[in-house]
Structures are given as C-alpha cells and as structure tokens.
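Residue numbers (this note's numbering): 38 to 461.
Cβ atoms here follow ideal geometry from the backbone N, Cα and C, with glycine treated the same way.
Computed from a predicted model, the values in this text were never measured in an experiment.
Before any comments, here is the structure.
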Amino acid sequence: MERDKSSGCIFPKGFYWGAATASHQVEGGNHNDWSEWEKSEKRVEDLKSKGLVEKYGLDNFISGRGADHYNKYKEDFKLAKELGHNATRFSIEWSRIEPEEGKFNEKEIQHYKDVVKTLKGLGIEPFVTLWHWPIPLWMKDKGGWESSEMPKYFVRYVRKVVEALGKDVKFWITLNEPVVNSGMAYKEGVWPPQKRSVCKYLQVNRNLIRAHILAYKVIKSIDSKAKVGIAKNNAYYEEKGRCVVNKVIKLLVRYFGNDFWLKHIGKYQDFIGLNHYFHNQIYYGLNKNENKITNDLGWEIWPTSLYYCLKELKKYNKPVYITENGLADSKDEKRIWFIFEMLKGVHKAIEEGIDVRGYLHWSLMDNFEWAEGYWPRFGLIEIDYKTLERKPRKSAHFYRDICIQNGITSSVIEKYRKDIEKFS
Ligand code: BGC
Numbered sequence: 038m039e040r041d042k043s044s045g046c047i048f049p050k051g052f053y054w055g056a057a058t059a060s061h062q063v064e065g066g067n068h069n070d071w072s073e074w075e076k077s078e079k080r081v082e083d084l085k086s087k088g089l090v091e092k093y094g095l096d097n098f099i100s101g102r103g104a105d106h107y108n109k110y111k112e113d114f115k116l117a118k119e120l121g122h123n124a125t126r127f128s129i130e131w132s133r134i135e136p137e138e139g140k141f142n143e144k145e146i147q148h149y150k151d152v153v154k155t156l157k158g159l160g161i162e163p164f165v166t167l168w169h170w171p172i173p174l175w176m177k178d179k180g181g182w183e184s185s186e187m188p189k190y191f192v193r194y195v196r197k198v199v200e201a202l203g204k205d206v207k208f209w210i211t212l213n214e215p216v217v218n219s220g221m222a223y224k225e226g227v228w229p230p231q232k233r234s235v236c237k238y239l240q241v242n243r244n245l246i247r248a249h250i251l252a253y254k255v256i257k258s259i260d261s262k263a264k265v266g267i268a269k270n271n272a273y274y275e276e277k278g279r280c281v282v283n284k285v286i287k288l289l290v291r292y293f294g295n296d297f298w299l300k301h302i303g304k305y306q307d308f309i310g311l312n313h314y315f316h317n318q319i320y321y322g323l324n325k326n327e328n329k330i331t332n333d334l335g336w337e338i339w340p341t342s343l344y345y346c347l348k349e350l351k352k353y354n355k356p357v358y359i360t361e362n363g364l365a366d367s368k369d370e371k372r373i374w375f376i377f378e379m380l381k382g383v384h385k386a387i388e389e390g391i392d393v394r395g396y397l398h399w400s401l402m403d404n405f406e407w408a409e410g411y412w413p414r415f416g417l418i419e420i421d422y423k424t425l426e427r428k429p430r431k432s433a434h435f436y437r438d439i440c441i442q443n444g445i446t447s448s449v450i451e452k453y454r455k456d457i458e459k460f461s
C-alpha cells in the first residue's frame, strides 16, 4: 500500500467509499410495527411524561414523510456520486414488499429494482440490507422475532427479493445489528415490542441466528457468487486501571457483545460488516468513559476505537467492510475530525494486515434516529424537513476529496487542517 508523503495515506485499489441509510429512517411513508409504535398511546404518554414532546414536538418522534428518499432516491444517489462515493448501503423495507402475508407487491419490488439500477448506472456498488429492524404488521401479529416461524417467513421474503434483484447485487447484508435490536426491545424494553424478558431475548436471538443461516443458504443457492454477511455492532472495550476484575469483566462483555454472534454464524458469512460507534471503559462492571469529546447524543468519541475494533476481527480471517460509522453532529463541528481520525485507524489496521475493503459512513443524509426521532443529525447531507432541500455539509466535501483520491492525501490535510486539528 502506498503512503502519501507528509503523513497522508492511500488506500488499496478498489476500496469502497460511500455511506449508508436504512429504509425506515429515510424513505418516509412506511407502515410497519415501528410506525404503529411511534403513534401508540403508550409511547406518546411516555414521551409527554419525560417532557420530550414539549422539548422537540411530537412530530420529531413520528417517522412520517421524513426525507422522502423513497421518491427522491435518484436525486440522492446523484448527489452521492457527486460526492465521490462508489458504494452505497441501503435497506429493503419488508413491509412494502410483503404488506400482507404471502402477498408480494410487484410494484414495490420494481421500485427496489429501479433503486439498484440507478446505483449501478452511476457506477455505485449497492450493499443491500434485507432487515434493518421494522417488520410487517402481519408478522408482528404472529409474534415477530419471538415466533419460531419467523425464520421461515423471513427466508420466503429473502428468496423473493434475491430472485428479483440478485443478478445486480453482489453484497447482501441479511440482518442489521441483531443484538442491538433484540437488546433494546427485550433486555432494555424500550423499543417495540417493549417486552423485558431474558427468556424472550434469548429466544429472539436464536430465531435471528436461524434466520440468518437459512437466508445465507438461500442467497447462495440463487447466486453462488453473492457475498453474504451481517452488519454487526462491535464496540471497543477497555478495562480501566490494571485490576484483574476489570480485565475479566471486559473479556466477558467483549465476548458476548462482539464475538458471540460472529462465532455462532461461523462459516455462514463471507465477510464481516462492522458497525462501530462506541468505546466503553469497564470499571467493575460499569462504563466509566471520560467523555472528553462526545457527539450530540452524548456518546463518547474515542479516535482510535475503530482501529482496535478492526484489530479484534483479525481472528475471523474474513474481509471486513465498515458498514456504519458516524456521529450525530448538527453543527458539523466534529465530523471532519472524526472521519479523519477513524480513517487513519482504518489505514493503520490495513497496514497491519486486516483485510478492510470498504468504509460506509453513517449516514448519507439526516434521518429518523429511531426512539430519538429526527433531532440527531447524522448526515453528510443536511435535510430541511420542511422543504426537503438537500445540502451537503462541509464534511461531505472533505469526505468527497478522500473518496476521489482514494485516501487522505497531504493536499486534503492542508485544505482542512483547521478542522482536522480542532480536537487533537
Ligand atoms: C443503526 C442505525 C442507527 C445508528 C445510529 C446503528 O446502530 O444501525 O440505524 O441510526 O446506529 O444510532
């Protein structure tokens, strides 16, 4: 790998540069278990009691029209192209494809075929996620992921989609962050269906693992050359102090948080999709982060955390695509520094032998941040939700220069030095 003089770094040839989105967060107009939950009496009461409706307004918490990416995808992907991207991750909305049990909506299948065609036409490689959290209402009524029948239904939907889109899609991500979704829904009990139960949590994870393995086999039976994996959220865990108790706790938390799923799906993954956001310092079982620099959601930003996460993936001996990494930063104050630091880490990991092949920033545009709603701004592109105007932020231009030059060159560093050094 080349190294640009004066501390710049060039990435391997063919590296994928781009950004990611998810259907429910950007499309607008979805009708699924999440959209129902957003409007449920319990949810609205809960928001009111916490003073959040007063603070942000109820609309903040309703996905509604959102960024209207469903209708504006051509414009958005054209913009992605102008911003230098050669890859995009997006998700297919199951509730659109199969709004009623066993009845597939051909018009919606055609929509996603057009989405893929648009991307390919622009020379952008699609990374397609098949489940990024919401489920169709009929599946919710059957018990959702608690139901042992769920894997069977999921795979039927997967088959339909892959048969329709298959020849144009090389990369499939079956499940997005299964541990986060099941944890928030069944361990914390704060996301739909808000059931706190360890038994259900384990049951749901068992069904998700089965669903992935079945989906993997189906996709490969349709296209043996397809590359299939999941997007796994891995955090960087570090023990605070030298106490052996902290070390043991760290190893346990890391095993269950980062490795359990990847080990369980074992050979049924052609690559690892890494979603990375968190650094957690373990102090007798508690997180003791210094929180010197945080994003708008209060999440700590630790410049070397992605590098360490990548290093931990070496043992799997698989190609790695960073399928999400980003921050809520409405003022775009930290994003340039963040991208710079994270990418320095990616480059270092590659130099040390980790087979990283792509970086997809979260997110292409501002979006609906689940239970938090619309106020956190994760986008390289700013969305005006009233006019639907799209406006690339300064960080999007910085990232464009990196994408186009396949690395962080000295000229990019020079151009953005002030922003890069702001928090160093
Ligand atoms: C999810 C995204 C989410 C992002 C920021 C990831 O866990 O896949 O849907 O918006 O984190 O919270």
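Quiz prompt | Chain-order list of residues whose beta-carbon lies under 8 Å from that of LYS42 (same chain, five-residue window excluded) | solution = Confidence at LYS42 is low in this model, with a pLDDT of 48, below 50, so its placement is unreliable and the value that follows should be read with caution. Closer than 8 Å at the Cβ level, and outside the excluded window around LYS42, lie SER447.
Quiz prompt | Proximity of GLY322 and ALA263 at Cβ, strictly below 9 Å | solution = no
Quiz item: Taking just the CA atoms, how far does ASP205 sit from LEU89?
Solution: 44 Å
Exercise. Spell out the partners DSSP gives MET402 in its beta bridges.
Key: ILE418
Quiz item: Could you check where the alpha helix (DSSP H) with ASN242 kicks off and where it finishes?
Solution: 235-259
Quiz prompt | contact_flag[the stretch 149-166, the stretch 73-88] where n(CB pairs < 8 Å) is 3 or more | solution = no
Practice problem: Run the proximity test for TRP182: is its beta-carbon closer than 8 Å to any non-hydrogen atom belonging to the ligand BGC? | Solution: no
Exercise. Grab me the residues of VAL216's own chain with a C-beta within less than 7 Å of its C-beta, minus the 5 sequence neighbours each way, in chain order.
Key: ASN270, TRP298
Quiz item: In terms of residue numbering, what span does the beta strand (DSSP E) encompassing PRO188 cover?
Solution: No beta strand (DSSP E) contains PRO188, which is instead part of the alpha helix (DSSP H) from 187-202.
Quiz item: At what residue ranges does the stretch 263-306 contain a whole run of the alpha helix (DSSP H), taking only runs of 4 or more?
Solution: 281-291, 297-302
Quiz item: Would you say the stretch 43-52 touches the stretch 147-156, given that touching needs at least three Cβ pairs under 8 Å?
Solution: no
Quiz item: Are there three or more Cβ pairs, one per stretch, closer than 8 Å when the stretch 384-391 is compared with the stretch 420-436?
Solution: no
Practice problem: Assign THR446 to one of three DSSP states: helix, strand, or coil. | Solution: coil
Quiz item: What span of residues does the beta strand (DSSP E) with HIS313 cover, start to end?
Solution: 309-313
Quiz prompt | Cβ shell of SER234 (< 7 Å), same chain only, five flanking positions each side left out | solution = TYR223
Exercise. At 3 residues or longer, and completely inside the stretch 130-181: list those beta strand (DSSP E) runs for me, N to C.
Key: 162-168
Practice problem: Taking ALA272 and PHE315 to be in contact with their CB atoms under 8 Å, please state how far apart those CB atoms are, rounded to whole angstroms. | Solution: 4 Å
Quiz prompt | PHE415: CB within 8 Å of a non-hydrogen atom of the ligand BGC | solution = yes
Self-check item: Segment limits, beta strand (DSSP E) that includes VAL357
Solution: 357-362
Quiz item: For ALA138, is the classification buried or exposed, using 16 other Cβ atoms within 10 angstroms of its Cβ as the cut-off for buried?
Solution: This sequence places Glu at residue 138; Ala is not what is there. Its Cβ having fewer than 16 others within 10 Å, GLU138 is exposed.
Practice problem: Measure the alpha-carbon distance for PHE293 versus LYS329 and round it to whole angstroms. | Solution: 27 Å
Self-check item: Endpoints, beta strand (DSSP E) assigned at ALA117
Solution: Segment 106-119 is the alpha helix (DSSP H) holding ALA117; no beta strand (DSSP E) there.
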